[in-house]
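Colleague: Protein chains in written order, with our numbering: chain L, 76 to 269; chain B, 76 to 269.
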DNA sequence: ACTGTCATGTAAAACGTTACATGATTCT
DNA sequence: AGAATCATGTAACGTTTTACATGACAGT
């Protein structure tokens, strides 16, 4: 059900088409939330039906049109309500730690290879996060820039600081994962190579 | 699909009934994987149908019986294959960080209250993890004890070390979350109270 | 007798993934 | 002319959650 709130959150910045949203979801928003096109378009339709969003048809090229969605007052109220409601504690479901607990069932080389892959994944992820964080700090991030354009400096500062705070959490998590992977290599060396 | 592998993993330690498994899933295994009864029982049946598990009817009380499941050779082969296969990179879907990025939409007191709740959650979670880790170190953890009873000392040491390694990862993650929550309090104080 | 634990599910709904489908527009 | 991007979905399937359901056994 949080997909809804992720969509409203994005659209509070500026009106967007399903396609714009879909691109955001595969770029910066993807750090916090992932969703494919096939989930986004139907959800936008349902949200419009439920009165959380409104859309305007915008001409595109010679004959085409596209639908630009914006958040309604009802949508904003719903969003604020969610923002103030307690978080439901998230269920743990973590294949990486599940596997790690049973590494003795796999060949050491296979484990090492998996650690290398996870390391590559988290390093790339971390680089993306740090890149995006930098665009928040200098306020060049496009969605953020659009969002704070309407705000006064105090409000803008607040908005920016919370975004950076969220990214700092994600960056800390990535670093923690990388440190754990390093420990994994060390453990393998100790258990099998010496 | 990982529920399957979580179930095999547990059952490699010792044979269990659906109820035993369900209890494990709401205690120690819950740190890595959560699943309700209504998912466990049907999945056990499917796994038996697919030849990954075998079951024996064990008498229980005067008339009752219970089904004790154990892993078949086919199940073990399937598990090892999964253990050696690369991890599919997990999709991010994180309401806590999504919310944090938009804290400016909520009243500071509401945010503070949520941070307190998350702090309580992670502190409790951390205490459980550290408690369980201690039972791994002294080998008093019941499932672990049953598992290593059949192994020689070298194999037992390997098994125990990997379990501890998995828990160390979870503990590091919990500490990272708690540090981030602390930063959240500090940020709120700076942005609203001074 | 009553309460808590042991034991095992079904059913419906919600959520998410994967694969497929189509066509216009813009850039090179 | 062809490739990349913009634009918008449907369909089938698999996974997860939530709510409901039932009854035997064990300890007080």
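In this text, a Cβ means the ideal position worked out from N, Cα and C, and glycines have one as well.
DSSP three-state call for residue 163 of chain L: helix, strand or coil?
Modeller: Correct three-state label for residue 163 of chain L: coil.
Colleague: Can you name the residues that DSSP bridges to residue 144 of chain B?
Modeller: Paired residues: B/91 and B/130.
Colleague: Enumerated in chain order, which unbroken segments of the alpha helix (DSSP H) with a length of 4 residues or greater are wholly contained in the region 145 to 214 of chain L?
Modeller: DSSP runs (the alpha helix (DSSP H)) wholly in the region 145 to 214 of chain L: 148 to 159, 170 to 175 and 183 to 212.
Colleague: For residue 107 of chain B, would you say it is in contact with chain L, using Cβ-to-Cβ distances shorter than 7 Å as the test?
Modeller: Chain L, which has a Cβ nearer than 7 Å to the Cβ of residue 107 of chain B, makes this yes.
Colleague: Please confirm if residue 128 of chain L has its CB atom under 7 Å from at least one CB of chain B.
Modeller: It does not; no Cβ of chain B falls within 7 Å.
Colleague: Tell whether a beta-carbon distance below 7 Å holds between residue 161 of chain B and residue 192 of chain L.
Modeller: Closer than 7 Å, so yes.
Colleague: In terms of alpha-carbon separation, which member of L/123, L/104, L/100 and L/106 lies closest to residue 112 of chain L?
Modeller: Of the listed residues, the one whose Cα sits closest to residue 112 of chain L is L/100.
Colleague: Give me the Cα-Cα distance between residue 246 of chain B and residue 86 of chain B, rounded to the nearest whole angstrom.
Modeller: Cα to Cα, residue 246 of chain B sits roughly 24 Å from residue 86 of chain B.
Colleague: Indicate the three-state DSSP secondary structure (helix, strand or coil) for residue 255 of chain L in the structure shown.
Modeller: The answer is helix: DSSP assigns residue 255 of chain L an H, G or I state.
Colleague: In angstroms with no decimal places, state the Cα-to-Cα distance between residue 229 of chain L and residue 183 of chain B.
Modeller: Computed Cα separation, rounded: 15 Å.
Colleague: If I measure Cβ to Cβ from residue 263 of chain L and keep anything under 7 Å in the same chain, skipping five residues before and after, which residues do I get?
Modeller: The residues are 183, 186 and 187.
Colleague: With respect to the alpha helix (DSSP H) encompassing residue 116 of chain B, which residues constitute its N-terminal and C-terminal limits?
Modeller: Segment 112 to 124, the alpha helix (DSSP H) holding residue 116 of chain B.
Colleague: So, does the region 161 to 180 of chain L touch the region 140 to 148 of chain B, judging by three or more C-beta pairs under 8 Å?
Modeller: The region 161 to 180 of chain L is not in contact with the region 140 to 148 of chain B.
Colleague: With residue 43 of chain L as the anchor, note down where its alpha helix (DSSP H) starts and where it stops.
Modeller: Only positions 76 to 269 of chain L appear in the structure, and residue 43 of chain L is not among them; the question remains open.
Colleague: Going along the chain, which residues of its own chain have a beta-carbon closer than 6 Å to the beta-carbon of residue 133 of chain L, five neighbours each way excluded?
Modeller: Here the set comprises 141 and 143.
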